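K.L.:
Below are the structure tokens for one structure; questions will follow.
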Amino acid sequence: MAAPGMELCTVRHCKQEGQVYLQRSLPEALVDAYLGRLQLCRCAPTLESLQSLLAAHVDRVIYENLDLQLRRPLPPLCFEESVKRVAKGRGGYCFLLVDAFAALLCSLGFQVSLHTATCSPVPEPEVKWGDHAVL
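6 is the number of the first residue of the sequence shown in my numbering; add one for each residue after it.
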């Protein structure tokens, strides 16, 4: 159940068909910088470590869309650039954060796939899907 006031921020519907696993690998120094931002050490790909990584990411990397709201040019959607942004202390909107986190997880040995989603109380028509990204 979503926290009060967050009902529309909860991903309600997600496509899973066409699942493709990502094959991404970051330079070791960038993995270490990202883990430093999360205040975590390298770990084996286990459910417990995934839970720790996710909790640290949610606690320490802010979801923000200030660039979108201020109509600033958006950073490129390149997983390495997204990770550099997070490692330098910035946050971002879902596409940037999911891209960065997916790259980190892949680099740590997790199997990751991306999916389109939408955040709404009722299923949106399929043409509206893609306004949100999830792992």
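Even glycine gets a Cβ: it sits at the ideal position worked out from N, Cα and C. These figures come from a predicted structure and were not determined experimentally.
1) Measure the alpha-carbon distance for F100 versus R90 and round it to whole angstroms.
2) Can a CB atom of chain B be found closer than 8 Å to the CB of R95?
3) Leaving out five residues on either side along the sequence, give the residues of the same chain with a beta carbon under 7 Å from the beta carbon of Y39.
4) Suppose the cutoff is 6 Å on Cβ atoms and the five residues either side in sequence are ignored; what does the same chain contact list for R47 look like?
5) Bridge partners of G97, per DSSP?
6) For D51, which beta-bridge partners are listed by DSSP?
7) Residues in the same chain with beta-carbon distance under 8 Å from S57, minus the five sequence neighbours each way, listed in chain order, please.
8) Starting from R42, trace the alpha helix (DSSP H) in both directions and tell me its first and last residue.
9) Nearest to I67 by alpha carbon, out of H120, S112, Y98?
10) Looking at R1: is its Cβ nearer than 8 Å to the Cβ of S112?
P.N.:
Short version:
1) 13 Å
2) Chain labels in this structure do not include chain B; a single protein chain is all it has.
3) V88, V91, A92, L109
4) none
5) Y68
6) Inspection of the sequence shows that residue 51 is occupied by Thr rather than by Asp. In DSSP, T51 forms no bridge with anything.
7) L45, C48
8) Per DSSP, R42 belongs to the alpha helix (DSSP H) from 33-43.
9) Y98
10) Outside the modelled stretch of the chain, which goes from 6 to 140, sits residue 1, for which no answer is possible.
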